[in-house]
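S.K.:
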Amino acid sequence: MEPKNLLILFSDEHQKALAGCYGHDMVRTPHMDELAAKGTRFTNAYTCSPICIPARASFALGKYIHQVGHWDNADPYEGTIPSWHHRLRDKGHRVDSIGKLHFRSTDDDNGFNEEIIPMHVIEGKGDTMGLIRKDLPVRKGAWKVAGMAGPGESSYTRYDRDTTARAQVWLQETAPQHTDKPWVLFVSIASPHFPLTAPPEYFYEYYRNPDLPWPKLYAEDERPNHPYIRDYAEACNYDDHFTSDDMVRRARAGYFGLCTFVDEQIGKIMRTLDGCGLTDQTRVLYTSDHGDNLGARGLWGKSTMYEESAAVPMIITGDDIPEGVVRDAPLTHIDVYPFIMECVGEAGEEMFDEDHLGVSLFDLAIGATLDRTVLSEYHAMGSTTGAFMIRNGKYKFVYYVKYEPQLFDLEADPEELMDLAGDPAFAEVIKECEARLRTVCDPEEVDARAKARQAAQLEANGGREAVIARGDLGFSVPPGVAPDFD
């Protein structure tokens, strides 16, 4: 395989289903669709944790959350464990980032040659309220999901336009200076993460469409009664602020519009790549850190193991990648690490640790079939217990240390409308799934370790009352924008 440059296009909170290439018949994503048509699209890709900071740490390190200990949004990556960026930079490759990183600080060595307009956590601390894992406080910033939905520009869309422009400049001016070894450019767009303020041309396209779909299981009597879901919905009480059907419609239209806005940014970057004559020399990966519930089951934001939240888009294109192929083997972001190394010709043993468990997307794209268990886990805001999700063939199994599990048959029930865990007919399936989970980690030990770390951090930040008094940010802000705590 010939080493090539790699362009990573990374969005924030993009629900996998909301793209044309993933079968959505309304959301317009022509540039994502073109990437999928020219490359390989994965249908069962998952985040390692459905929340920003752990997901991004896992993506950087190629390891699961329980391996690296970045448990929540108050535990950002700070460069201690070597990332793929560190290792490639140290091998002489140019490795730059543009846009949102959500690490601790630019004062840390995060492994890039240059971080261009990076967004990191607020005050080097992030969301300290997420350290509270019992008697959960209610999020006062939750109003922002409903309250900021509508047409216009937000700090995020302005930041994303700047990120895109900087990427275009980088391809024009920096890329030609680095031809001795393949480069890697990580371009991280903050949308479609809320605020759900979408450019007017996209917002009204969806808001005025009479076929704009309503969230599934949104009615009060349709929502699942699982205690983990209740914990999250009560602490992260986004839906309490949706006081009319029109507000739900505005939020959905805003998110749909932001998906098309993200696609617009991808199109600009891809046209520049082509205009610079770099297309044949560059492979491209598109994915997102996690998804968004977007009102399904009365939930907004992420933090659950439903497909809307835990599944991610994953598309690769370029030399040695099958064209127009769709693969359904389950995978996670840990599989990106070996793919990056292979892309640029650095797949030697010294680039991997013994606990790197990923399988390269190259192998998965050509149809490799492996009997392995992939994992997503959650230990953060709105939860009182660790959550662990695996795929076992057609089954999705979610294990909670504190609560009863959930089980879904994704072939018969892709919308996850029927939890099978209470049906005695599936007792053996649940037993097998739990056994497979325990080959990857000990959930009780992991849960205890996460909570011990969080308790120590909570004390270091002044304790429960001090953290609650600091307030809820709602969402991180781009560089130069003052944080707004509630």
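In this note's numbering, each residue's number is its place in the sequence shown (first place is 1) plus 933. The beta-carbon is built from N, C-alpha and C at its ideal position, and this holds for glycine as well.
Considering only their Cβ atoms, is the gap separating ALA1184 from VAL1307 smaller than 8 Å?
M.R.: By 1-based counting over the sequence shown, the position of residue 1307 is 374. By 1-based counting over the sequence shown, the position of residue 1184 is 251. Not a contact, by the Cβ cut-off of 8 Å.
S.K.: Kindly indicate which three-state DSSP category ILE1254 falls into: helix, strand or coil?
M.R.: Counting from 1 along the sequence shown, the entry for residue 1254 is found at position 321. ILE1254 falls in the coil class under three-state DSSP.
S.K.: Compute the beta-carbon to beta-carbon distance between THR976 and ALA1243, rounded to the nearest angstrom, for a pair I have assumed lies under 8 Å.
M.R.: Within the sequence shown, the letter at position 43 stands for residue 976. Within the sequence shown, the letter at position 310 stands for residue 1243. About 14 Å separates the beta carbons of THR976 and ALA1243, which is beyond the 8 Å limit, so they are not a contact pair.
S.K.: Looking only at its chain, what residues have a beta carbon closer than 7 Å to the beta carbon of GLY1231, apart from the 5 residues adjacent to it on each side?
M.R.: The residue given as residue 1231 occupies position 298 in the sequence shown. For GLY1231, the CB contacts under 7 Å within the same chain, skipping 5 residues up- and downstream, are TYR1151, ARG1156, ALA1166, ASP1172 in chain order.
S.K.: If you count every other CB in all the chains shown that lies within 10 Å of the CB of PRO1347, and 16 or more means buried, which is it?
M.R.: Position 414 of the sequence shown, counted from the start, is the residue given in the question as residue 1347. PRO1347 comes out exposed.
S.K.: When the distance is taken between beta carbons, is ILE1299 closer than 8 Å to PRO1357?
M.R.: Locating residue 1357 in the sequence shown gives position 424, counting from the first residue. Locating residue 1299 in the sequence shown gives position 366, counting from the first residue. No. Outside cutoff.
S.K.: Using alpha carbons as the reference points, say which of PHE1127, CYS1192, THR1107, SER1088 lies closest to GLU1134.
M.R.: The residue labelled residue 1134 in the question sits at position 201 within the sequence shown. Closest by alpha carbon: CYS1192.
S.K.: According to DSSP, is ASP1419 part of a helix, a strand, or is it coil?
M.R.: Residue numbering aside, residue 1419 sits at position 486 when the sequence shown is read from its first letter. Coil, per DSSP.
S.K.: Would you decide whether LEU1350 is buried or exposed? Buried here means 16 or more other CB atoms lie within 10 Å of its CB.
M.R.: By one-based count along the sequence shown, residue 1350 stands at place 417. Classification for LEU1350: exposed.
S.K.: In chain order, what residues of the same chain have a beta carbon less than 7 Å from the beta carbon of VAL1362, not counting five sequence neighbours either side?
M.R.: The sequence position of residue 1362 within the sequence shown is 429, counting from 1. Around VAL1362: TYR1328, LEU1340.
S.K.: VAL1028 by DSSP, collapsed to three states: which one?
M.R.: Counted from its first residue, the sequence shown places residue 1028 at position 95. DSSP places VAL1028 in strand when its eight states are reduced to three.
S.K.: I'd like to know whether the C-beta atoms of PHE1189 and TYR1139 end up nearer to each other than 8 Å.
M.R.: By 1-based counting over the sequence shown, the position of residue 1189 is 256. By 1-based counting over the sequence shown, the position of residue 1139 is 206. Against a cut-off of 8 Å, the Cβ pair of TYR1139 and PHE1189 comes out as a contact.
S.K.: Closer than 8 Å is the cut-off here; do at least three beta carbon pairs connect the stretch 1279-1291 with the stretch 1035-1046?
M.R.: no
S.K.: Report the CB separation of ARG1369 from ILE1323 in whole angstroms; it is logged as a contact under 8 Å.
M.R.: For this step, residue 1369 is matched to residue 436 along the sequence shown. For this step, residue 1323 is matched to residue 390 along the sequence shown. Rounded, the Cβ-Cβ distance is 6 Å, consistent with contact.
S.K.: Are the CB atoms of THR1250 and GLY972 within a distance shorter than 8 Å?
M.R.: As a position in the sequence shown, residue 972 is number 39, starting the count at 1. As a position in the sequence shown, residue 1250 is number 317, starting the count at 1. Cβ distance < 8 Å, so GLY972 and THR1250 count as in contact.
S.K.: Could you tell me the alpha carbon to alpha carbon distance between ASN1325 and LEU1227, rounded to whole angstroms?
M.R.: Here residue 1325 refers to the residue found at position 392 when the sequence shown is read from its first residue. Here residue 1227 refers to the residue found at position 294 when the sequence shown is read from its first residue. Those two C-alpha atoms are separated by around 26 Å.
S.K.: I'd like to confirm the pairing. Which residues does DSSP put opposite SER944 in its beta bridges?
M.R.: Residue numbering aside, residue 944 sits at position 11 when the sequence shown is read from its first letter. Partner(s): SER1221.
S.K.: Rounded to whole angstroms, what's the CA-CA distance from ARG1022 to ASP1060? Just pull it up for me.
M.R.: Mapped onto the sequence shown, residue 1022 falls at position 89. Mapped onto the sequence shown, residue 1060 falls at position 127. If I take the Cα positions, the gap works out to 30 Å.
S.K.: According to DSSP, is ILE1248 helix, strand or coil?
M.R.: By one-based count along the sequence shown, residue 1248 stands at place 315. If DSSP states are grouped into helix, strand and coil, ILE1248 belongs with the strands.
S.K.: Short check: CB of ILE984 to CB of GLU1310, under 8 Å?
M.R.: The residue labelled residue 984 in the question sits at position 51 within the sequence shown. The residue labelled residue 1310 in the question sits at position 377 within the sequence shown. No; because the gap between Cβ atoms is not below 8 Å, this pair is not in contact.
S.K.: I'd like to check one pair, GLY1080 with THR1130: are the Cβ atoms closer than 8 Å?
M.R.: Here residue 1130 refers to the residue found at position 197 when the sequence shown is read from its first residue. Here residue 1080 refers to the residue found at position 147 when the sequence shown is read from its first residue. No; because the gap between Cβ atoms is not below 8 Å, this pair is not in contact.
S.K.: Using DSSP with H/G/I as helix, E/B as strand and the rest coil, what is SER1121?
M.R.: For the purposes of this step, residue 1121 is taken as residue 188 along the sequence shown, with counting starting at 1. SER1121 falls in the strand class under three-state DSSP.
S.K.: Going by Cα to Cα distance, which pick from LEU1264, THR1212, LEU1353 is closest to LEU940?
M.R.: In the sequence shown, counting from the first residue as 1, residue 940 sits at position 7. Comparing Cα positions, the closest option is THR1212.
S.K.: How big is the Cα-Cα spacing for ASN1142 and GLU1240?
M.R.: Indexing the sequence shown from 1 puts residue 1142 at position 209. Indexing the sequence shown from 1 puts residue 1240 at position 307. Near 25 Å, if we compare the C-alpha coordinates of GLU1240 and ASN1142.
S.K.: Tell me the DSSP bridge mates of GLY1083?
M.R.: Looking up residue 1083 in the sequence shown gives position 150. Bridge partners of GLY1083: THR1130.
S.K.: Whole-angstrom Cβ separation of ALA1420 and ASP1093, contact assumed at under 8 Å?
M.R.: Summary: the structure shown does not reach residue 1420, with the chain confined to residues 934 through 1419, and so no result is reported for it.
S.K.: Roughly how many whole angstroms lie between the Cα atoms of CYS1276 and GLY1200?
M.R.: Against the sequence shown, residue 1276 aligns to sequence position 343. Against the sequence shown, residue 1200 aligns to sequence position 267. Roughly 22 Å between the two C-alpha positions.
S.K.: Specify the secondary structure class of MET965 as computed by DSSP and reduced to three states.
M.R.: If you number the sequence shown from 1, residue 965 lands on position 32. Of the three classes helix, strand and coil, the one that applies to MET965 here is helix, per DSSP.
S.K.: If you run the structure through DSSP and keep just helix, strand and coil, what is ARG978?
M.R.: Against the sequence shown, residue 978 aligns to sequence position 45. For the record, residue 978 in the displayed sequence is Ala; it is not Arg. DSSP places ALA978 in strand when its eight states are reduced to three.
S.K.: Between GLU1086 and the ligand SAH, is there a pair consisting of the residue's CB and a ligand heavy atom that are separated by less than 7 Å?
M.R.: This structure does not include the ligand SAH; it has no bound ligands of any sort.
S.K.: Are VAL986 and HIS1003 touching if we call contact CB-CB under 8 Å?
M.R.: Counting from one through the sequence shown, the residue named residue 986 turns up at place 53. Counting from one through the sequence shown, the residue named residue 1003 turns up at place 70. Checking the sequence shown, residue 986 turns out to be Ile, not Val. In contact: ILE986 and HIS1003 (Cβ atoms closer than 8 Å).
S.K.: Helix, strand or coil for THR1205, going by three-state DSSP, please let me know.
M.R.: Reading the sequence shown from its first residue, position 272 is the one you call residue 1205. Correct three-state label for THR1205: helix.
S.K.: Is LEU1343 helix, strand or coil when you go by DSSP?
M.R.: By one-based count along the sequence shown, residue 1343 stands at place 410. Residue state, collapsed to three classes: coil.
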